[in-house]
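Numbering (our numbering), first residue to last: 7 to 289. Notes follow the structure.
This is the structure we're talking about:
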């Protein structure tokens, strides 16, 4: 068997194994259900508020945006967090020692984290349809839009997470990754229409993949008439595909380079030093 093919198969198997193991871990299950429950409660209380200038429910408009945000957050933060932790405990060093081990490792992360993102999507959409009027996938076109937005969104954000996780050696620096992402969410029109923000903020928000993921999810789950409150009074499918595609290409080109450089620096002495620091913090 071709070594690359073997690494891909091993990576897929690793990803499925990690996903199954997460279902037996109460902390992982809490991470699946608790944020979803909080989000649904907030959307429930927002259901009677309206989008400015319309009679449409603000909760219904906001939920698809948060779904896009969730995909981006899981893709970027999930990968970065796991890279930081597994770099510290030696998992990456062991993967590096196996032929094509880094390729298998990365594919495993992509599989497991992408599945986690999709699980979160389902857990939010299904119950939300029970109390948010107007939230629905409209016909074959809506399903196709949802499919390509989710796929492109994950391709655009997962490599970013891999790059971010490679830039730091200490898991205590995780906040340096989360804070900029939270800031980008705030200016991406997730919780409030972006056209209500200053022009320069709109420009910055549209340069980020989170805005386009939110817009794409809204286009798949909301009535066509709601495009009137978007920038350009359109769902801008072409621009969404181009923006997410550019981020995906940049990430897929940059991430392997950064990860290879990071893996070359890994050694037993570095892992031992990190463990010693971790033990000193515990003690």
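Don't be surprised by glycine CBs; every beta carbon is placed ideally from N, CA and C.
{"Item": "Say whether the stretch 196-213 touches the stretch 120-138, bearing in mind that this needs 3 or more beta-carbon pairs closer than 8 Å, one atom from each stretch.", "Value": "no"}
{"Item": "Label residue 157 either buried or exposed according to how many other C-beta atoms from any shown protein chain fall within 10 Å of its C-beta, with 16 as the threshold for buried.", "Value": "exposed"}
{"Item": "Less than 8 Å separating the beta-carbons of residue 194 and residue 216?", "Value": "yes"}
{"Item": "In chain order, which continuous runs of the alpha helix (DSSP H) of length 4 or greater are located wholly inside the stretch 169-242?", "Value": "181-192, 205-212 and 215-227"}
{"Item": "Just verifying my parser: in three-state terms, what is the DSSP assignment at residue 135?", "Value": "coil"}
{"Item": "Would you identify the three-state DSSP class for residue 28, choosing helix, strand or coil?", "Value": "helix"}
{"Item": "Can you find the residues in the same chain that come closer than 6 Å, C-beta to C-beta, to residue 160, ignoring five residues on each side of it along the sequence?", "Value": "81 and 120"}
{"Item": "Considering only residues of the same chain and omitting the five flanking positions on each side of residue 237, which have a CB-CB separation below 6 Å?", "Value": "201"}
{"Item": "By the DSSP assignment, the alpha helix (DSSP H) with residue 142 in it spans what residues?", "Value": "Taken as a continuous stretch (DSSP letters only), residue 142 belongs to no alpha helix (DSSP H), as it is neither H nor E."}
{"Item": "Please confirm whether residue 164 and residue 128 have their CB atoms less than 8 Å apart.", "Value": "no"}
{"Item": "Residues in the same chain with beta-carbon distance under 8 Å from residue 11, minus the five sequence neighbours each way, listed in chain order, please.", "Value": "none"}
{"Item": "Looking only at C-alpha atoms, which of 196, 188 and 74 sits nearest to residue 153?", "Value": "74"}
{"Item": "Can you tell me whether residue 303 is helix, strand or coil according to DSSP?", "Value": "For residue 303 there is no data in the structure shown, the boundaries of the chain being 7 and 289."}
{"Item": "Below 8 Å on the Cβ atoms is my guess for residue 138 versus residue 69; work out the distance and round it to an integer in Å.", "Value": "6 Å"}
{"Item": "Quick one: grab the DSSP three-state call for residue 63.", "Value": "strand"}
{"Item": "Which residue or residues does DSSP assign as beta-bridge partners of residue 56?", "Value": "63"}
{"Item": "Using the three-state DSSP reduction, which class does residue 272 fall into: helix, strand or coil?", "Value": "coil"}
{"Item": "Measuring alpha carbon to alpha carbon, tell me which of 27, 58, 126 and 191 ends up nearest residue 44.", "Value": "126"}
{"Item": "Any chance the stretch 216-231 sits against the stretch 184-194, with 3 or more Cβ pairs inside 8 Å?", "Value": "yes"}
{"Item": "So residue 3 and residue 269 are supposed to be a Cβ contact under 8 Å. How far apart are they, rounded?", "Value": "The structure shown has nothing for residue 3, since the chain only spans 7 to 289."}
{"Item": "Alpha carbon to alpha carbon, what distance is there between residue 22 and residue 41?", "Value": "23 Å"}
{"Item": "Alpha helix (DSSP H) containing residue 97: first to last residue?", "Value": "97-103"}
{"Item": "Taking a contact to mean a Cβ-Cβ separation below 8 Å, would you say residue 225 touches residue 206 in this structure?", "Value": "no"}
{"Item": "Please go through the same chain and pick out, in chain order, the residues whose beta-carbon is closer than 7 Å to the beta-carbon of residue 78, but skip the five residues on each side of it.", "Value": "159, 163, 215, 216 and 219"}
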